[in-house]
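*Asks:*
Number of protein chains: 2
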Amino acid sequence: MSKATDQNGTPVPQRLLAAATRLFAERGYDRTSVQEIVEAAGVTKGALYHYFGSKEDLLQEVYARVLRLQQERLDAFANAEAPVEERLRDAAADVVVTTIDNLDDASIFFRSMHHLSPEKNKQVRVERRRYHERFRALIEEGQRSGVFSSATPADLVVDYHFGSVHHLSTWYRPDGPLSRQEVADHLADLLLRALRP
Amino acid sequence: MSKATDQNGTPVPQRLLAAATRLFAERGYDRTSVQEIVEAAGVTKGALYHYFGSKEDLLQEVYARVLRLQQERLDAFANAEAPVEERLRDAAADVVVTTIDNLDDASIFFRSMHHLSPEKNKQVRVERRRYHERFRALIEEGQRSGVFSSATPADLVVDYHFGSVHHLSTWYRPDGPLSRQEVADHLADLLLRALRP
DNA sequence: ACCGGCAGACTAACCAGTCGGTATGTCATC
DNA sequence: GATGACATACCGACTGGTTAGTCTGCCGGT
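Sequences listed follow chains E and W, in order. Sequential numbering from 1 applies to the first sequence in full-length UniProt numbering. Sequential numbering from 1 applies to the second sequence in full-length UniProt numbering.
#1: Just the C-alpha distance for E:ARG125 and E:ALA154, rounded to the nearest angstrom, thanks.
#2: Measuring straight from C-alpha to C-alpha, what distance separates W:ASP6 and W:GLY163?
#3: Give the interface partners of W:TYR160 over in chain E, defined as CB-CB distance under 7 Å, in chain order.
#4: Measuring only the C-alpha atoms, how far is E:TYR51 from E:LYS120?
#5: Grouping DSSP H, G and I as helix and E and B as strand, with all else coil, what is W:ASP104?
#6: Can you list the residues of chain E that W:THR98 reaches, using a CB-CB cut of under 9 Å?
#7: Taking 9 Å as the CB-CB limit, is W:VAL157 close to chain E?
#8: Would you report the Cα separation of W:SER2 and W:THR10, rounded to the nearest angstrom?
#9: Am I right that W:ALA188 and W:ARG111 are in contact with their C-beta atoms under 8 Å? What's the rounded C-beta distance?
#10: Quick one: residues in its chain with C-beta nearer than 6 Å to the C-beta of E:ARG73, no 5 flanking neighbours on either side, listed in chain order?
#11: Please decide whether W:GLN110 counts as near chain E, where near means a Cβ-Cβ distance under 9 Å.
#12: Closer than 9 Å, CB to CB, is W:VAL183 near chain E or not?
#13: Give me the Cα-Cα distance between W:PRO197 and E:THR152, rounded to the nearest whole angstrom.
#14: Give me the Cα-Cα distance between E:GLU182 and E:LEU59, rounded to the nearest whole angstrom.
#15: Who are the Cβ neighbours of E:PRO65 in its own chain at under 6 Å, not counting the five residues just before and after it?
#16: For E:ALA4 and chain W, any beta-carbon pair shorter than 9 Å?
#17: Verify the CB distance criterion: does W:PRO13 have a CB-CB separation below 9 Å to chain E?
#18: Taking just the CA atoms, how far does W:LYS45 sit from residue 241 of chain W?
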């Protein structure tokens, strides 16, 4: 136990991030006081401001983490060796599963993004745009090769699908009738069916 | 000019509601101070607390208004004399158009609902559920009669579509390449295409 | 004379961020 | 292997600023 850890061995910065994620998702960014975060993490304000510049930095870090993860996974599926329709289906289903696995991150993402300062907001939007474009490229590839209908602009199709993904945190309940994989399969199926020529 | 109006003739409660709607959408509920609302409405706190019990009541009233409007329109389309697929298409497209017409209400709705107290939140959820169920019934009707595929549970289809509607406030820009009617037609088309048997 | 409609000063609570201080660890030097 | 210099990790009281809601009272209509 050399530094920055407690009895359970998790480093303080990670504990703070975890506590903040849970609380931000539960009560919202503005309604969560710094005091509550540090108490949940078992430290004090001094520790928080030692590792993070501000409360906002904490929020941005939550975003950065989830964005990195999703982009990584999308790239892996999109660049795989398989027919377009299969790659799209896999990518579309995967983002649903990982979103369900991190519902807290998801609800923070779409409810608290506008709480970031303009610069940080811009930074997040840039990252998000890259993700969007990779997904769109996949759809356009299928449209060019004729396996997907070109009736709808690819951009709109992407927004259609990600609307439903963001919406997951509103209605999905782990104890509901459908498992995350079933939901993912259904939503991917809806996307592919909408794209049939 | 007898009471509760100013130079432009709009009653004070409505001016307060309009100012609150705009500001809540712009900066979020928590970031909007009561002082800012009353200044935007051209009155003072005394006036606000004369008509509304609390800041939260103001938010709830915004919800109630938009819910009534949407429910009314859905019922009209769903109960019309026409084939199911046409009624669903019309209803699905209409909710997109009216959402775009009231983007402020939409973003408040999905970003600030969790700021309501538990009781008021429950009340809103009940209303929202009725809306959801009317829409679902429409899809189930089509599934039973065989014009829609039954591959996906109707519930999930509804959430899929409303996810995209909710998401509109994130990406739709009035000065973008697509008019609200074009967006509505495309989104309704995607829904209907996904439901093809 | 009374009352709805409103003004605006006031209060009690809260909160992000600061800052001086302490404890523990590391490393160079003798 | 003792000593001192310095750094890292953290504590917690304090501050300056903000905010929702209250309350007293004025004002114009009936």
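Note that CB positions come from ideal geometry on N, CA and C, so glycine has one too. Since we're looking at a predicted model, the values are computed, not measured.
*Replies:* Per the coordinate set shown:
#1: 19 Å
#2: Since pLDDT at W:ASP6 reaches only 47, below the 50 mark, its modelled position is unreliable, and the value read off the structure follows with that caveat. Those two C-alpha atoms are separated by around 40 Å.
#3: SER164, LEU187, LEU190
#4: 18 Å
#5: W:ASP104 falls in the helix class under three-state DSSP.
#6: Neighbours of W:THR98 on chain E: none; closest Cβ ~16 Å, over 9 Å.
#7: yes
#8: Residue confidence is low: W:SER2 scores 42 on pLDDT, short of 50, so the model does not pin down where it sits. No coordinate-derived value is stated.
#9: At roughly 25 Å, the Cβ-Cβ gap does not stay under 8 Å, so W:ALA188 and W:ARG111 are not in contact.
#10: ASP94
#11: The sequence shown places Phe at residue 110 of chain W, not Gln. Cβ-Cβ to chain E under 9 Å: yes for W:PHE110.
#12: yes
#13: 19 Å
#14: Each residue's CA atom was taken as its position, placing E:GLU182 and E:LEU59 some 31 Å apart.
#15: Residue 65 of chain E is actually Arg in this sequence, not Pro. Cβ neighbours of E:ARG65 beyond the five flanking positions: none.
#16: With a pLDDT of only 44 at E:ALA4, under 50, the local geometry of the prediction cannot be trusted, and the value read off the model is given with reservation. Chain W contact via Cβ: absent.
#17: No, W:PRO13 does not count as interfacial toward chain E.
#18: Given a span of 1 to 197 for chain W in the structure shown, any question on residue 241 of chain W remains unanswerable.
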